[in-house]
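Since the structure comes first, as structure tokens, the remarks are kept for the end.
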Amino acid sequence: MEIEVEDGDGGSGSRGGNVGVVAHLVWEDLTVVVPSFGSGATRRVLQGLSGYAEPGRLMAVMGPSGSGKSTLLDSLAGRLSRNVILSGNVVLNGKKRSLDHDGVAYVTQEDVLLGTLTVKETLTYSAQLRLPTIMTKEKVNSIVEETIKEMGLEHCADQLIGSWHLRGISSGEKKRLSIALEILTQPHLLLLDEPTSGLDNASAFFITQTLKNAAFNGRTVISSIHQPSSEVFALLDDLLLLSNGETVYFGEAKMALQFFAEAGFPCPSRRNPSDHFLHCTNSSFDTVRSTLIRSHKMHEPEQSSDSLMNLGAVEIKATLIEKYNCSKYATKTRSRIREISNTVRNLSIIYELN
Numbered sequence: 001m002e003i004e005v006e007d008g009d010g011g012s013g014s015r016g017g018n019v020g021v022v023a024h025l026v027w028e029d030l031t032v033v034v035p036s037f038g039s040g041a042t043r044r045v046l047q048g049l050s051g052y053a054e055p056g057r058l059m060a061v062m063g064p065s066g067s068g069k070s071t072l073l074d075s076l077a078g079r080l081s082r083n084v085i086l087s088g089n090v091v092l093n094g095k096k097r098s099l100d101h102d103g104v105a106y107v108t109q110e111d112v113l114l115g116t117l118t119v120k121e122t123l124t125y126s127a128q129l130r131l132p133t134i135m136t137k138e139k140v141n142s143i144v145e146e147t148i149k150e151m152g153l154e155h156c157a158d159q160l161i162g163s164w165h166l167r168g169i170s171s172g173e174k175k176r177l178s179i180a181l182e183i184l185t186q187p188h189l190l191l192l193d194e195p196t197s198g199l200d201n202a203s204a205f206f207i208t209q210t211l212k213n214a215a216f217n218g219r220t221v222i223s224s225i226h227q228p229s230s231e232v233f234a235l236l237d238d239l240l241l242l243s244n245g246e247t248v249y250f251g252e253a254k255m256a257l258q259f260f261a262e263a264g265f266p267c268p269s270r271r272n273p274s275d276h277f278l279h280c281t282n283s284s285f286d287t288v289r290s291t292l293i294r295s296h297k298m299h300e301p302e303q304s305s306d307s308l309m310n311l312g313a314v315e316i317k318a319t320l321i322e323k324y325n326c327s328k329y330a331t332k333t334r335s336r337i338r339e340i341s342n343t344v345r346n347l348s349i350i351y352e353l354n
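Take 1 as the starting number for the sequence shown in the UniProt record's numbering and just add one per residue.
What follows is the structure, given as structure tokens:
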């Protein structure tokens with residue numbers, strides 16, 4: 001696999017030289033194969049994914065558990081295990097270099113924090129270790145204060161983080177602190193693995209709005225998310241919907257409902273769009289339904305005009321994937337990938353001539 005990235009000029013930006021740099025990320029025909037220990041067989045976790053992410057936009061990667069969301073993020077961030085076979089292209093602004101550098105930040109699902117430190121102490125220690133050594137103490141402190149404000153942590157800046165035996169900040173505040181630790185160096189590409197998992201609706205909305213603001217400031221933001229509320233879904237710019245490692249839909253989030261309707265699976269009124277998407281693509285619903293019918297806890301459904309009632313999730317998913325691959329949405333994706341590649345190539349030529 002070829003991983004390419006343009007690092008910018010490495011100039012003297014206010015935070016590690018990344019201010020003003022934008023990230024256009026493209027992945028084409030991305031496939032991940034993992035070995036099955038003991039049997040010698042292999043299993044495809046991702047199957048021929050193609051897409052792109054652009055600055056100023058918040059992209060969500062959605063899908064049932066085990067659909068490949070975390071694997072995709074790990075692939076884009078260059079974090080896969082060595083025994084994993086990865087094929088396809090991941091291109092970031094067009095120059096060869098690993099994505100594992102100071103222009104790219106990755107926020108894991110687990111919050112790895114020291115409970116005996118305060119929020120401000122945690123950020124200050126991290127800034128002192130990760131920001132350029134030539135930066136003055138006043139500048140470091142200024143960046144820490146800016147980051148605290150950006151992530152909405154002013155009210156708890158002097159509170160202990162806490163642990164299982166020490167009362168501290170809330171789960172939502174811990175997650176925002178984890179994100180704050182990664183944006184200290186002002187990365188132009190921010191990847192997050194399910195930052196809203198385990199949080200209440202208000203905390204999940206707050207974090208998603210914060211990510212939306214980060215994208216508005218020029219960053220490229222990609223976040224996996226399991227089952228967002230309708231309020232959270234409304235904040236998303238772009239959506240990649242996965243099922244068993246395949247693309248069910250990629251495009252503008254607001255157009256996903258139209259795609260499902262055109263494919264024959266319209267979202268019922270007053271239903272959360274993300275609930276509908278997962279109902280259509282999660283084969284676990286078939287297992288639950290058949291188990292309940294066998295145990296006589298649920299009656300065999302009668303034929304209905306509702307396609308969701310007449311087909312299982314496996315059939316619905318297969319139909320959606322087929323419809324997407326020959327849809328205007330897939331065509332637009334391929335066209336935009338070519339546009340981004342050509343634009344970056346032309347900019348690189350101009351830069352070299354100058």
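Glycine residues also receive a C-beta, built at the ideal position from the N, C-alpha and C atoms. Just so you know, these numbers come straight off a predicted model, no measurement behind them.
Which listed residue (206, 228, 318 and 211) has its alpha carbon closest to that of residue 249: The residue you call residue 249 lines up with position 249 of the sequence shown. For residue 249, the nearest C-alpha among the options comes from 318.
Do you know offhand how far residue 42's Cα is from residue 157's? Residue numbering aside, residue 42 sits at position 42 when the sequence shown is read from its first letter. Residue numbering aside, residue 157 sits at position 157 when the sequence shown is read from its first letter. Whole-angstrom Cα-Cα distance: 48 Å.
Touching or not, the segment 160-172 and the segment 135-142, by the rule of three or more beta carbon pairs under 8 Å? Judged by Cβ distances under 8 Å, the segment 160-172 makes no contact with the segment 135-142, as fewer than three pairs qualify.
Thinking C-alpha only, which one of 50, 192 and 177 is nearest residue 70? As a first step, residue 70 must be located in the sequence shown, where it is residue number 70. It is 192.
Do you know how far the Cα of residue 282 is from the Cα of residue 314? For the purposes of this step, residue 314 is identified with residue 314 of the sequence shown, where counting begins at 1. For the purposes of this step, residue 282 is identified with residue 282 of the sequence shown, where counting begins at 1. Taking the straight line joining both Cα atoms gives about 8 Å.
Where the alpha helix (DSSP H) containing residue 119 begins and where it ends: Translated into the one-based positions of the sequence shown, residue 119 becomes position 119. Counting along the chain, the unbroken alpha helix (DSSP H) around residue 119 starts and ends at 119-130.
Residue 111 beta carbon less than 7 Å from that of residue 178: One-based indexing of the sequence shown puts residue 178 at position 178. One-based indexing of the sequence shown puts residue 111 at position 111. Taking 7 Å as the Cβ cut-off, residue 178 and residue 111 qualify as a contacting pair.
Determine the contact status of residue 195 and residue 229, defining contact as a CB-CB distance below 7 Å. As a first step, residue 195 must be located in the sequence shown, where it is residue number 195. As a first step, residue 229 must be located in the sequence shown, where it is residue number 229. Result no, Cβ atoms of residue 195 and residue 229 do not sit closer than 7 Å.
The alpha helix (DSSP H) that contains residue 42, what's its start and end? Along the sequence shown, one-based indexing puts residue 42 at 42. No alpha helix (DSSP H) holds residue 42; the beta strand (DSSP E) holding it covers 42-53.
Give every residue of the same chain whose Cβ lies closer than 8 Å to the Cβ of residue 118, excluding the five residues on either side of it in the sequence, and list them in chain order. Position 118 of the sequence shown, counted from the first residue, corresponds to residue 118. Same-chain partners within the cutoff: 157, 158, 159, 160 and 161.
Throw me the rounded Cβ distance for the residue 190 and residue 183 pair, which I believe falls under 8 Å. Translated into the one-based positions of the sequence shown, residue 190 becomes position 190. Translated into the one-based positions of the sequence shown, residue 183 becomes position 183. Confirmed, about 7 Å.
Against chain D, with Cβ distances strictly below 7 Å, would residue 84 count as a contact? Although the question refers to chain D, the structure presented lacks it and comprises just one protein chain.
Between residue 253 and residue 275, which are expected to be in contact by the criterion C-beta below 8 Å, what is the C-beta distance as a whole number of angstroms? What you label residue 253 is simply residue 253 of the sequence shown in a count that begins at 1. What you label residue 275 is simply residue 275 of the sequence shown in a count that begins at 1. 15 Å between Cβ atoms; not a contact.
What are the start and end residues of each continuous alpha helix (DSSP H) run of 4 or more residues lying completely inside the segment 205-231, in chain order? Here no run is fully enclosed.
Suppose contacts are defined by Cβ-Cβ distances below 7 Å. Is residue 89 in contact with residue 344 by that definition? Numbered from 1 along the sequence shown, position 89 holds the residue referred to as residue 89. Numbered from 1 along the sequence shown, position 344 holds the residue referred to as residue 344. No. Outside cutoff.
Which runs of the alpha helix (DSSP H), 4 residues or longer, sit entirely within the segment 224-285? As far as the segment 224-285 is concerned, its whole alpha helix (DSSP H) runs of at least 4 residues are 230-233, 256-262 and 273-281.
Looking at residue 251: is its Cβ nearer than 7 Å to the Cβ of residue 47? Locating residue 251 in the sequence shown gives position 251, where the first residue counts as 1. Locating residue 47 in the sequence shown gives position 47, where the first residue counts as 1. No, these two residues do not count as a Cβ contact at 7 Å.
Cα-Cα separation, residue 125 to residue 210: Translated into positions along the sequence shown, residue 125 becomes position 125. Translated into positions along the sequence shown, residue 210 becomes position 210. Separation of residue 125 and residue 210 (C-alpha to C-alpha, rounded to the nearest whole angstrom) is 23 Å.
Distance check for residue 267 and residue 320, CA to CA, integer angstroms please. As a first step, residue 320 is located in the sequence shown; it is residue number 320 there, counting from the start. As a first step, residue 267 is located in the sequence shown; it is residue number 267 there, counting from the start. For the pair residue 320 and residue 267, the Cα-to-Cα distance works out to about 14 Å.
Residue 421: which of 185, 175, 84 and 55 sits nearest, CA to CA? The question about residue 421 has no answer here: the residues shown for the chain are numbered 1 through 354.
Cα-Cα, which of 148, 272 and 205 is closest to residue 180? Numbered from its first residue, the sequence shown carries residue 180 at position 180. The residue with the shortest Cα to Cα distance from residue 180 is 148.
Who does residue 85 pair with in a DSSP beta bridge? As a working note, residue 85 is residue 85 in the sequence shown. The bridge partners DSSP lists for residue 85 are 33.
Look up residue 28 in the DSSP assignment and say whether it is helix, strand or coil. Counting from 1 along the sequence shown, the entry for residue 28 is found at position 28. Note: residue 28 maps to strand in three-state DSSP.
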